[in-house]
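Residue numbers (my numbering): 10 to 250.
Take a look at the structure below.
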């Protein structure tokens, strides 16, 4: 079957969440506004996640997986998903399901006019420390990138795959997806989506990840922006008339 949209689900030690992930994504596939498949990217989990992922993919034709040899981080998992997909559109959602798969339909309503549509978490159901550190980190990022995005950490996005595949890799990439699309002269927008408390498992990011890490990544982004190569082919001898 040919799919128009692939949802990447990064997984790192989420065995407590995966049955719920399967259930919620199966519900979404029934209401998805475009033909949709699911790609698990197991980022070297040390728990029982891989056994569960393989069982899920065995019983569901629209599900497949990639397994890393070792833990490489969220940005690497997302990039591996970008490299793997062959659908016109690609998105991702965290396996903690603090965002709702059905909200992909809201983002998809706008993708014809943009190269990236990202969610903005409404009424976030996180701790005070997590909310404040994310708010500060988003402010720092906006000051460096001028991307105009309020919540790039929201794990609900839809991107045109040809743009996603051209994004160069570095750690912390997931915080800069709108800015990296803008470097390609792509259009970006943000849409309000639902947010829920984490039901199981543990968060993988602490204060360091949300504050000092993003600050360091901003300098990496500025270097990349200065060195970024962007071009369009006007004509080629291989073009068919």
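Think of the CB as a built atom: it goes at the ideal place given N, C-alpha and C, for glycine as much as any other residue.
For clarity, every value in this text was computed on a predicted model and none was experimentally measured.
### Three-state class that DSSP yields for residue 174 in the structure shown
coil
### Task
Decide if residue 194 is buried, meaning its Cβ has at least 16 other Cβ atoms within 10 Å, or exposed.
The residue is exposed, with fewer than 16 neighbouring Cβ atoms inside 10 Å.
### residue 237, DSSP secondary structure in three states
coil
### Task
Indicate whether the contact test is met: 3 or more Cβ pairs, each with one atom in the region 120 to 132 and one in the region 60 to 75, closer than 8 Å.
no
### Query
Would you call residue 46 buried or exposed, if buried means 16 or more other Cβ atoms sit within 10 Å of its Cβ?
buried
### Message
Taking the beta carbon of residue 166 as the centre, do at least 16 other beta carbons fall within 10 Å, making it buried, or is it exposed?
### Response
buried
### Task
Going by DSSP, name the residue or residues bridged to residue 77.
Its beta-bridge partners do not exist; DSSP assigns none.
### Task
Counting only the same chain and skipping the five closest in sequence on each side, list residues whose C-beta sits under 8 Å from that of residue 79.
53
### C-alpha gap between residue 245 and residue 238, whole angstroms
Across the structure, residue 245 and residue 238 are spaced so that their CA atoms are roughly 19 Å apart.
### Task
Would you mind giving the Cβ-Cβ distance between residue 131 and residue 20, rounded to the nearest angstrom? I have them listed as a contact below 8 Å.
For residue 131 against residue 20, the beta-carbon gap comes to about 25 Å, at or over 8 Å, which does not count as contact.
### Message
Looking only at its chain, what residues have a beta carbon closer than 8 Å to the beta carbon of residue 250, apart from the 5 residues adjacent to it on each side?
### Response
Confidence in residue 250 is poor, its pLDDT being 49 and thus under 50, which makes the residue's placement too unreliable to answer from.
### Nearest neighbour of residue 70, chosen from 156, 76, 44, 189 [CA to CA]
44
### Message
Taking the straight line between their C-alpha atoms, what separation do you get for residue 100 and residue 247?
### Response
Separation of residue 100 and residue 247 (C-alpha to C-alpha, rounded to the nearest whole angstrom) is 32 Å.
### Euclidean distance between Cα positions of residue 93 and residue 39
Straight-line Cα distance between these residues: approximately 24 Å.
### Task
Using 10 angstroms around the beta-carbon of residue 48, count the other beta-carbons present and answer buried if the total reaches 16, otherwise exposed.
buried
### Query
Alpha carbon to alpha carbon, how far is residue 29 from residue 107?
12 Å
### Query
Shortest alpha-carbon distance to residue 227 belongs to which of 34, 189, 42?
189
### Assigned exposure category for residue 191 - 16 Cβ within 10 Å defines buried
buried
### Query
Which first and last residues belong to the alpha helix (DSSP H) in which residue 61 is found?
58 to 68
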